[in-house]
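Q: Quick one: this structure, given as structure tokens, is what I'll be asking you about.
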Amino acid sequence: MAAALLALAACTEKPQTAGGGHHGAPAYAGTGSNFTAAGWKPGDKTSWEQEIKARMQRGQNEYNKTN
1 MAAALLALAA CTEKPQTAGG GHHGAPAYAG TGSNFTAAGW KPGDKTSWEQ EIKARMQRGQ
61 NEYNKTN
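Below, the structure written as structure tokens:
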């Protein structure tokens with residue numbers, strides 16, 4: 001009985017909660033990487049929003065590709 005409970009306990013999935021990730025800097029603050037888009041300036045929220053809009057228009061929207 002104990003072996004069966006141990007086997008079942010080992011196979012259970014851990015609970016998944018939404019939004020348990022990063023609570024630090026906002027996305028537009030950047031990561032410190034040299035690989036950034038040409039028009040985006042790290043820390044500038046306006047340029048971040050413009051880059052996101054440009055990506056949507058350039059076809060990097062997976063929803064449009066699949067429908």
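Under the UniProt record's numbering, the sequence shown has 10 at position 10, and the numbering climbs by one with no breaks. The C-beta atom is built at its ideal place from N, Cα and C for all residues, glycine as well.
Taking the straight line between their C-alpha atoms, what separation do you get for residue 55 and residue 17?
A: Cα to Cα, residue 55 sits roughly 29 Å from residue 17.
Q: Confirm the yes/no value for this check: CB of residue 18, any heavy atom of the ligand FAD, distance under 6 Å.
A: This structure lacks the ligand FAD; in fact it carries no ligand of any kind.
Q: Could you check where the alpha helix (DSSP H) with residue 33 kicks off and where it finishes?
A: Element bounds for residue 33: n/a, residue is neither H nor E.
Q: Should residue 41 and residue 47 be called a contact, given that it needs their Cβ atoms to be closer than 7 Å?
A: Yes, the pair counts as a contact, with Cβ atoms nearer than the cut-off.
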